[in-house]
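Input: a single structure, listed below in structure tokens.
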Amino acid sequence: MLNRRTLRIKAMQAIYAYMQAEGSDYLMALDMIEDDFAPDLNSMEVQNKQLLEGKKQIGTLLFKEWYKTRQFDTEETDKEILQSVNSAVAFYQNQVKKDFKFFGNQMLTAVENIYDHYLAILALAGEIVKQINNEEIKKATRFTEKKDINLQRLTENKVIQQLLANKSLQQLIIRRSISWEGDADLITQFYRTVLKQDETIQAYVLSEEEHTFEADKELAKYLFKTLIFKDKNLQAWFEEHDLNWQENKAIVKSLVMKTIKMIEETTDENLALLDLSTNWEDDKAFFEELYDKTLEDDEKYEAMISAGVKNWDIERVAVIDKIILKMALCEMHIFRSIPVKVTINEYIEISKLYSTPKSKQFINGVLDKLAQDLTDAGTIRKSGRGLMDNK
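Just so we're aligned, residue 148 is where the sequence shown starts under my numbering, counting upward by one.
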């Protein structure tokens, strides 16, 4: 299931994307000033290129000054230059506001898509049953001398039948618009090249013995874990619909396999499916606030990091390392129930996956020092059982 570390990673990815977009917004704003003072090649009047170049340079310097300090000197500034800079500032502010909202929403959508993938894979059981039934109807209406294995018995699998009858699954499929309708060829291909060719499936459908419920459950586990999650074509489909499928796949697989294990012989159609996490509403609030507050207080955390790495040029700190440090500082400040040590350990683990080989030691050292300084200063206050020492 989805855990807080995964949410931290998703927030980190969204913050990284936002920062890349913010950098593009900055460059586009500068391009606007350059365009304002570019010579008009279609003008019949003589262009004073030197004057235009001078205005462009002044406008560029003023915008860069505003970018660093959020203000610039307007005294004795040429009105044309002032208008150009103000337009660039307005454009930049509008764009970053849009990007902030866009990547925040995209982050949330990306997480909720994980749940859609979980439902889509469970829904494959129904698609497989439809495919088998359709193939049997086709065979019954045409003459063929070719001996063809009959997979009809697979549709009688008790676990698959329970999935098909599950009210929660059917309601969620409708509510979240989960459908394989446009990918019928993919299901047909899976049926013909995987299901019909697989020796375990063949042994199951050809067995003359009546299958026990446990045998049906083992077969269902095999169908999902070994065939569906390892089929190249199905996995390519998920990769096409989810850029982070390789890291999300483990979460989806865990949800699917836990669902299969939950099904017992006495389970009825009202069995509730798993949620994305044990408490999605709380996790969602954590997730959104971490993203929002890290970016809102970016300058404050930038200053803290700069003070904490006195012997290291802040500009040389890797972008991902900076984001990790800022997120950790944000978490220490605003989430009073999370112990400092837990926060530090979580971001060290994330740095192992997403940053440079030396980042682990660097982030550990910086966060240890900053956490101690902030705790001693009373800036970080933790509350809750077992958190009185703030360590």
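Each residue gets a CB set at the ideal place from its N, CA and C atoms; glycine is no exception.
Rounded Cβ spacing between residue i and residue j (contact assumed at less than 8 angstroms)
i, j, result
"K203", "F219", "Rounded, the Cβ-Cβ distance is 15 angstroms, inconsistent with contact."
"E412", "F360", "4 angstroms"
"Q299", "I279", "6 angstroms"
"M116", "I470", "With the chain running from 148 to 538 in the structure shown, residue 116 is simply not present."
"L420", "T406", "6 angstroms"
"L333", "N380", "6 angstroms"
"R323", "L266", "6 angstroms"
"L476", "L517", "7 angstroms"
"F433", "L154", "7 angstroms"
Distance between residue j and residue i (C-alpha atoms, nearest Å)
i, j, result
"F385", "V487", "37 angstroms"
"S502", "G455", "19 angstroms"
"Q318", "L174", "47 angstroms"
"N313", "W427", "22 angstroms"
"V306", "Y165", "44 angstroms"
"A270", "D363", "18 angstroms"
"T221", "L199", "19 angstroms"
"M474", "N391", "21 angstroms"
"I261", "Q253", "13 angstroms"
"T216", "K507", "33 angstroms"
"E212", "E446", "16 angstroms"
"E169", "D444", "15 angstroms"
"E493", "E259", "22 angstroms"
"A237", "F509", "38 angstroms"
"L228", "I205", "Note that residue 228 is Ile in the sequence shown, not Leu. Each residue's alpha carbon lies about 8 angstroms from the other."
"A90", "V513", "Outside the displayed range of the chain (148 to 538) lies residue 90, so it cannot be described from this structure."
"E282", "V466", "54 angstroms"
"D523", "K505", "28 angstroms"
"F249", "E435", "13 angstroms"
"I348", "I410", "20 angstroms"
"Y214", "Y338", "58 angstroms"
CA nearest to the CA of residue i, picked from the options
i, options, result
"Q336", "T221, I275, K469, I471", "I275"
"I527", "S484, E357, D468", "S484"
"N511", "I481, D468, A524", "D468"
"S231", "I180, S315, N252, E355", "I180"
"H388", "I325, L442, E443", "I325"
"G251", "Q508, F509, Y438", "Y438"
"K377", "K196, L266, V341", "V341"
"F247", "L188, K440, D415", "K440"
"Y163", "D520, K507, K529, L472", "L472"
"S234", "W213, A176, C477, V258", "A176"
"V352", "I296, K396, I228", "I296"
"E357", "F249, K226, N304, Y214", "N304"
"K152", "A524, I497, K505", "According to the sequence shown, residue 152 is Arg rather than Lys. It is I497 whose Cα lies nearest to the Cα of R152."
"M479", "L366, L500, M451", "M451"
"I320", "E365, R339, I268", "I268"
"A161", "G201, K343, L442", "L442"
"L500", "E394, Y448, T414, L402", "E394"
"Q167", "I228, Q242, D225", "Q242"
"W327", "R339, K277, V513", "K277"
"K408", "D415, E365, S453, T425", "E365"
"T207", "D178, K529, S453", "D178"
Contact check, residue i vs residue j, beta carbons under 8 angstroms
i, j, result
"L374", "D345", "yes"
"Y239", "D182", "no"
"M551", "K457", "Only positions 148 to 538 of the chain appear in the structure, and residue 551 is not among them; the question remains open."
"G273", "L311", "yes"
"H264", "V464", "no"
"D515", "I481", "no"
"K157", "A257", "yes"
"Q194", "D187", "yes"
"L149", "D429", "no"
**Request:** Pick out the complete alpha helix (DSSP H) segments inside the stretch 337-388, 4 residues or longer, and give them in chain order.
**Result:** Counting only runs of 4 or more, we get 346-353, 360-369, 379-388.
**Prompt:** Enumerated in chain order, which unbroken segments of the alpha helix (DSSP H) with a length of 4 residues or greater are wholly contained in the stretch 471-527?
**Reply:** Residue ranges of uninterrupted alpha helix (DSSP H) with 4 or more members, entirely inside the stretch 471-527 and ordered along the chain, are 487-501, 506-523.
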